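As structure tokens, the structure follows; a few thoughts come after it.
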């Protein structure tokens, strides 16, 4: 209970005490850029743009961090879920990531699972969003989801795979860590929270 109280206080601090100054920093940077651009040198505009963009990135990181921390608070509502249909629905919801691209999305036979449909949908969307991001530039993009039957305790294994850029297998242990990124921000956008959220949902 003490741990939970500490986390709640932390959430409150992040949500209110950090967001306020951040909003002000972004807003005043935008005011200077929009209303006083004629009085600013090109270098000053560049610095202000970097301040605004960095503030916006920090705001997004805070939002992602809060959503991640609250995953553990949601009560589970377990029911039988058609995972194949869930994958299709999640794929359809990511239309803006698919625009002007040639994509082969293959859903192999997938067993039903006993899970919370809302949380599992979030996990599927995060995984698909990741696959779409790291296959950018592949023509065609190929994304496959399905199941593999294995012997022993493993039983049915659910998978997602794609023909994207991949990552160095030496760093596989870091793949689902918070703020861990396998590629630089100049290559692919992101905050390093999506796969950490997937891990937390699946563990629950």
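Numbering (our numbering), first residue to last: 139 to 342. Glycine is no exception: its CB is placed at the ideal position from the N, C-alpha and C atoms. Remember, predicted model here, so these are calculated numbers, not experimental data.
If you look at residue 300, you'll find it isn't in any alpha helix (DSSP H); it sits in the beta strand (DSSP E) that goes 294-300.
The C-alpha of residue 290 lies about 55 Å from the C-alpha of residue 164. The alpha helix (DSSP H) runs lying completely inside the region 189-254 and spanning 4 residues or more are 221-231 and 233-236, given in chain order.
DSSP, reduced to helix, strand and coil, places residue 284 within a strand of the structure shown.
With contacts defined by Cβ atoms closer than 7 Å, residue 296 and residue 270 do not form a contacting pair. Annotated three-state conformation of residue 151 is helix, per DSSP. In this structure, 168 is the residue among 168, 263 and 174 with its C-alpha nearest to the C-alpha of residue 192.
Remark: C-beta atoms of residue 262 and residue 204 do not approach each other more closely than 7 Å. Taking C-beta atoms as the reference points, residue 240 and residue 264 fail to come closer than 7 Å. Partner residues in the beta bridge of residue 279, as assigned by DSSP, are 241.
Inter-residue distance for residue 258 and residue 154 is about 29 Å (C-alpha atoms, whole angstroms). When secondary structure is reduced to three states using DSSP, residue 161 falls in the helix class.
For residue 334, the enclosing alpha helix (DSSP H) has its first and last residue at 332-341. When DSSP states are grouped into helix, strand and coil, residue 179 belongs to the coil group. For the pair residue 284 and residue 219, the Cα-to-Cα distance works out to about 14 Å. Contact annotation: residue 216 and residue 254 have beta-carbon atoms nearer than 7 Å. Approximately 24 Å separates the beta-carbon atoms of residue 266 and residue 200; this is outside 8 Å, ruling out the contact. Secondary structure at residue 185: helix, using DSSP grouped into helix, strand and coil. With 16 or more other CB atoms across the displayed protein chains lying within 10 angstroms of its CB, residue 300 is buried. In this model, residue 280 and residue 233 are separated by some 16 Å (Cα to Cα).
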